Amino acid sequence: MSLSHPLRSSSPLRSPIKGVIFDLDGTLLDTETISDLAMIQALKIQNPLKAQLNGRLPWELKSRILGMRGSEWSPIVIQYFLTHYGVGDGTAGNEPLSPSKLWGQWETNLSTLCANVRAMKGAPELVEELRKNQVPMAIATSSQQDAVEVKRGGHENTIFGKMKVVVTGDDPAVRRGKPHPDIFLEAASRLGVPPTECLVFEDSMTGIMAGKAAGCQVVAVPDLRSDMVEFLEVADVVLRSLEEFDGKRFGINVELAKKTAAKKQLSRRESK
4 MSLSHPLRSS
14 SPLRSPIKGV
24 IFDLDGTLLD
34 TETISDLAMI
44 QALKIQNPLK
54 AQLNGRLPWE
64 LKSRILGMRG
74 SEWSPIVIQY
84 FLTHYGVGDG
94 TAGNEPLSPS
104 KLWGQWETNL
114 STLCANVRAM
124 KGAPELVEEL
134 RKNQVPMAIA
144 TSSQQDAVEV
154 KRGGHENTIF
164 GKMKVVVTGD
174 DPAVRRGKPH
184 PDIFLEAASR
194 LGVPPTECLV
204 FEDSMTGIMA
214 GKAAGCQVVA
224 VPDLRSDMVE
234 FLEVADVVLR
244 SLEEFDGKRF
254 GINVELAKKT
264 AAKKQLSRRE
274 SK
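Here is the structure:
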């Protein structure tokens with residue numbers, strides 16, 4: 004499937020978009036791989052299981068916890084590794100893991116690893132195109148404020164500095180995490196745009212459900228290991244990359260897919 008033909012659902016356009024809300028991890032920043040590594044370190048996993056996992060959490064687990072807050076995913080992770088691998092039960096000289104301890108150690112590890120986190124493909128370009136078109140933007144992330152500050156260091160000029168609003172998972176106004184709509188309703192409110200006129204970009208089913216519950220239109224950019232059919236049933240549009248985005252469907256004069264295709268074609272010509 005080419006970049007000019009993103010996967011789409013049959014959802015009709017409701018209202019022209021007046022504001023955009025981005026998820027952060029796995030949508031704007033490529034944190035998911037290093038997030039897995041930080042988790043494996045926090046769980047103190049050793050070989051041969053460490054080698055077997057090869058730096059990634061099992062997709063069966065990962066797909067369940069994407070978009071959740073630490074207080075929600077930490078007990079799920081502990082139970083999964085205890086049930087499937089016997090990890091975290093206090094044997095091998097280690098103390099039994101508690102959800103709060105796992106969450107805290109994961110955040111410490113992630114802060115170290117995130118110092119050089121990369122942007123997702125197309126993220127800086129899409130943010131810049133939206134800025135040029137004077138579309139107000141927000142970030143709504145389940146990550147805590149301290150973690151966001153670490154991640155934004157290398158992306159202030161290209162991403163964060165162009166955001167009008169950043170709402171984090173530990174914001175007092177966000178009582179419930181995704182899939183509840185709280186964080187997107189708060190981001191829309193601070194943008195001054197009705198939720199029905201906001202477009203959400205999300206990589207997780209949990210986040211997509213939250214965006215939909217808030218009344219927003221939603222573009223899904225899921226992990227390529229996902230079952231795309233599931234996302235087509237919920238999201239308005241499903242992309243394999245932000246580079247595929249065509250804003251005309253939403254009343255936005257942004258044609259990133261066309262520009263990306265043109266750049267690739269030029270690159271191929273120059274390489275011949």
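Residue numbers (our numbering): 4 to 275.
Even glycine gets a Cβ: it sits at the ideal position worked out from N, Cα and C.
Please read these numbers as outputs of a predicted model, since none were measured by experiment.
Between the alpha carbons of D26 and T209 lies a distance of about 11 angstroms. Closest by C-alpha distance to S146, out of E159, M71, G156, is M71. With a 10 Å radius around the Cβ and a threshold of 16 neighbouring Cβ atoms, L227 comes out exposed. Contact between A223 and E247 is ruled out by a C-beta separation of about 11 angstroms, above the 8 angstroms threshold. Closest in C-alpha terms to G29, from the list G125, P19, T111, comes G125.
By the C-beta criterion, the segment 211-220 is judged to be in contact with the segment 178-188, since at least 3 inter-stretch pairs fall below 8 angstroms. If you look at Q220, you'll find it in the beta strand (DSSP E) that goes 220-223. Inclusion of I24 and A191 in the CB contact set at 8 angstroms is warranted, their separation being smaller than that value.
I43 places its beta carbon 8 angstroms or farther from that of L32. 8 angstroms or more divides the Cβ of A122 from the Cβ of T171. Annotation for F84: the continuous alpha helix (DSSP H) segment containing it runs 73-88. With a beta-carbon spacing of about 13 angstroms, L64 and S207 fall beyond the 8 angstroms limit used to define contacts. For F25, the enclosing beta strand (DSSP E) has its first and last residue at 22-25. Taking 4 residues as the minimum length, the alpha helix (DSSP H) runs contained wholly in the segment 177-253 are 185-194, 208-216, 231-235, in order along the chain. A residue is called buried when at least 16 other Cβ atoms come within 10 angstroms of its Cβ; K135 does not meet this threshold and is exposed. Taken atom to atom, the span from the alpha-carbon of A150 to that of C117 is near 9 angstroms. In this structure, D39 places its C-beta atom within 8 angstroms of the C-beta atom of R59.
Pairing L235 with A217 gives a Cβ-Cβ distance that is not under 8 angstroms. Rounded to whole angstroms, the separation of the alpha carbons of G157 and E128 is 15 angstroms. When the alpha-carbon of G195 is set against those of P51, S244, V138, the nearest one is in V138. Going by DSSP, M140 is part of the beta strand (DSSP E) stretching over 140-143. K165 has its alpha-carbon roughly 7 angstroms from the corresponding atom of V130.
The three-state reading of DSSP puts D28 in strand, counting E and B together. Around the beta-carbon of T86, fewer than 16 other beta-carbon atoms lie within 10 Å, marking it exposed. By a beta-carbon distance limit of 8 angstroms, I81 contacts L105. Their separation comes to about 6 angstroms.
The beta carbon of S244 sits closer than 8 angstroms to those of L6, M123, K124, G125, V224, all from its chain and outside the five residues before and after it, given in chain order.
A45 is a Cβ neighbour of N112, given a cutoff of 8 angstroms. Looking at the DSSP output, E258 bridges to D249. C219 has its alpha-carbon roughly 19 angstroms from the corresponding atom of R178.
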